[in-house]
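**Student:** What follows is a single structure, and I will ask about it in a moment.
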Amino acid sequence: MEFTHFKDREDAGAQLARQLAQYADNPNVVVLALPRGGVPVAFKIACALHAPLDVLLVRKLGLPGHEEYAMGAIGSGGVRVLQREVVQKMHITPQQVQEVIDREAAELTRREQLFRDGRKARNLHGKIVILVDDGLATGSTMRVAVEVVRAQKPAQLIVAVPVSAIESRDMIAAEVDEMVCLSAPPLFRAVSEWYAHFNQTSDEEVQALLAKARHLDPAEEEREAELATQFIR
Numbered sequence: 001m002e003f004t005h006f007k008d009r010e011d012a013g014a015q016l017a018r019q020l021a022q023y024a025d026n027p028n029v030v031v032l033a034l035p036r037g038g039v040p041v042a043f044k045i046a047c048a049l050h051a052p053l054d055v056l057l058v059r060k061l062g063l064p065g066h067e068e069y070a071m072g073a074i075g076s077g078g079v080r081v082l083q084r085e086v087v088q089k090m091h092i093t094p095q096q097v098q099e100v101i102d103r104e105a106a107e108l109t110r111r112e113q114l115f116r117d118g119r120k121a122r123n124l125h126g127k128i129v130i131l132v133d134d135g136l137a138t139g140s141t142m143r144v145a146v147e148v149v150r151a152q153k154p155a156q157l158i159v160a161v162p163v164s165a166i167e168s169r170d171m172i173a174a175e176v177d178e179m180v181c182l183s184a185p186p187l188f189r190a191v192s193e194w195y196a197h198f199n200q201t202s203d204e205e206v207q208a209l210l211a212k213a214r215h216l217d218p219a220e221e222e223r224e225a226e227l228a229t230q231f232i233r
């Protein structure tokens with residue numbers, strides 16, 4: 001059976017960008033990507049809309065022994081979502097849950113330092129935020145991301161994904177101002193099935209795309225110049 005809807009993440013981002021064209025050239029728009037797979041998708045969107053790109057750090061909490069399945073997620077600022085029904089059904093102990101949280105919190109801190117390169121996260125208060133990933137399976141990670149953004153009181157929160165399980169799409173749609181999802185197939189097993197090429201996105205690729213996005217953002221260049229001047233002084 002043929003599942004492919006997208007050539008790769010870049011193709012998915014280009015298709016999403018066409019659906020988000022109404023937000024182009026709006027100085028109040030910020031595009032946020034969930035690393036790592038969401039960054040190539042979001043980069044295409046940010047370029048098409050002429051909007052700044054940043055990352056929102058969130059980590060999935062995988063079931064012990066079955067890490068590909070999520071029992072929840074954590075995000076910057078201590079936000080945590082735990083699917084208690086999954087934890088109970090799989091007989092996961094509180095100690096096991098805490099061990100997973102501690103491990104993923106350490107990785108969250110590492111990625112903050114790696115991807116931000118000393119820069120502060122963007123202020124999202126009053127902004128139109130477009131939150132992007134390469135697809136939704138359980139939706140746990142995106143749910144935490146939504147909570148992290150909501151805490152900063154944006155003017156509008158849009159989630160944009162190429163493909164999603166129907167239940168996850170509907171869950172997230174109920175929590176945001178707008179949900180843009182290109183495909184929600186009734187039979188959904190994995191995000192990767194809907195891409196012809198779904199290679200692992202590396203840390204280096206994320207860093208390169210973020211650096212390129214900063215170079216394309218005039219406001220970011222002005223901030224860089226100001227920081228350089230302060231350093232010289």
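Numbering-wise (full-length UniProt numbering), the sequence shown opens with residue 1 and increments by one. The beta carbon of each residue, even a glycine, is placed where N, CA and C say it ideally should be. As the structure is a computational prediction, the values presented were derived from the model and not from experiment.
1) Whole angstroms are fine: how far does the CA of A14 sit from the CA of P186?
2) I'd like to know if the segment 11-25 and the segment 35-51 are in contact, where contact means that at least 3 CB-CB pairs between them fall below 8 Å.
3) Per DSSP, what are the beta-bridge partners of H66 in this structure?
4) Have a look at S140 and R122 and give me their C-alpha separation to the nearest angstrom.
5) Under three-state DSSP, which class holds T229?
6) For the beta strand (DSSP E) containing M171, name the first residue and the last one.
7) With burial defined as no fewer than 16 other Cβ atoms inside 10 Å of the residue's Cβ, what is the status of D102: buried or exposed?
8) Does E221 come out as helix, strand or coil in the three-state DSSP assignment?
9) Take K7 and list the residues in its own chain whose beta-carbon comes closer than 6 Å to its own, dropping the five residues that flank it on each side.
**Tutor:** In short, the structure shows the following:
1) By one-based count along the sequence shown, residue 186 stands at place 186. By one-based count along the sequence shown, residue 14 stands at place 14. Distance between the alpha carbons of P186 and A14 is about 24 Å.
2) Short answer: they touch.
3) Position 66 of the sequence shown, counting from 1, holds the residue named residue 66. DSSP output for H66 lists L63 as bridge partner(s).
4) The residue given as residue 140 occupies position 140 in the sequence shown. The residue given as residue 122 occupies position 122 in the sequence shown. Roughly 23 Å separates the two Cα atoms.
5) Residue mapping note: residue 229 aligns to position 229 of the sequence shown, counting from 1. Because T229 sits at a pLDDT of 47, beneath the cut-off of 50, its placement in the model cannot be relied upon, and the following sentence gives the value as read from the coordinates. In the three-state DSSP reduction, T229 falls in the helix class (H, G or I).
6) On the sequence shown, position 171 is the one that residue 171 refers to. Note, M171: premise wrong, no beta strand (DSSP E); alpha helix (DSSP H) at I166 to A173.
7) Position 102 of the sequence shown, counting from 1, holds the residue named residue 102. Exposed is the call here.
8) Translated into positions along the sequence shown, residue 221 becomes position 221. Any reading at E221 needs caution, since the residue's pLDDT is 49, under 50, leaving its predicted position unreliable; the model's value is listed next. In this structure, E221 counts as helix in the three-state DSSP scheme.
9) Numbered from its first residue, the sequence shown carries residue 7 at position 7. Closer than 6 Å at Cβ, skipping near neighbours: A196.
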